[in-house]
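For the sequence shown, our numbering assigns the number 4 to the initial residue and increments by one for each residue that follows.
In this text, a Cβ means the ideal position worked out from N, Cα and C, and glycines have one as well.
These figures come from a predicted structure and were not determined experimentally.
Below is one structure; the comments refer to it alone.
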Amino acid sequence: MPHGDVTGRGGASGNTLRLSPADEERFTELAKDPEIKEKIFASVAPAIRGSVKDCISDLKIAIACLLFGGAQKTLQDGTRLRGDINVLMLGDPGTAKSQFLKFTEQVAPIAVYTSGKGSSAAGLTAAIIRDADGRFALEGGAMVAAEGVCSGEVVVGPC
């Protein structure tokens, strides 16, 4: 499967992913392939396999949709529908959830993987650190630094 070279990062930060003319031409050719969707879905975490009866293939489709994103839309009344796609994976231990998250983090331009076991709610948003001069400073956590956050092992406490 071809890939584009990342020369920038997309999203709210204002940077964008720029493709070379050769990349654009290759993507145009790929778009003509009647099997392209199946090839894309199969390319998601290819080391993870499952049987027809489980949800692995559905999860690969969901992750592919997340990685490609949706279309932003503004309705006639001015309501803005975001094109962001989110995926929530719930399941028993050992069902490849963390491996899917790590795969997503590796291929998404500015995603960050974090484990809930070692992350507090405050640490995901910001942390107070000492700078080089010994003064306290605020440092953005994973939710601030990333365009997408892949968080595994989230522990939910009492309400």
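Residue pairing of T77 in beta bridges, as defined by DSSP: R83.
Residue burial is scored here from C-beta neighbours: T77 has fewer than 16 other C-beta atoms within 10 angstroms and is therefore classed as exposed.
A distance below 6 Å between beta-carbons, with the five flanking residues on each side excluded, links V47 to the following residues of its chain, in chain order: K63, I66 and A67. Burial state of T107 is buried, judged by a 10 Å Cβ sphere holding 16 or more other Cβ atoms. Secondary structure note for E27: its alpha helix (DSSP H) is the uninterrupted segment P24 to A34.
Taking P112 as reference, the option from G81, G94, D95 and G72 with the minimal CA-CA separation is G72.
Rounded to whole angstroms, the gap between the alpha carbons of A50 and P24 is 31 Å.
Note: F139 is bridge-paired with R133 in the DSSP secondary-structure output.
About 17 Å separates the beta carbons of I39 and L69, which is beyond the 8 Å limit, so they are not a contact pair.
DSSP places V110 inside the alpha helix (DSSP H), whose first and last residues are K100 to V110. Looking at the backbone, the Cα of I131 and that of L22 are separated by about 38 Å. Within the same chain, K42 come within 8 Å of D36 by CB-CB distance, once the 5 residues on both sides are set aside.
Taking every protein chain shown into account, the CB of A74 has fewer than 16 other CB atoms within 10 angstroms, so this residue is exposed. By the Cβ-count criterion, A140 is exposed, with fewer than 16 other Cβ atoms from all chains shown falling within 10 Å of its own Cβ.
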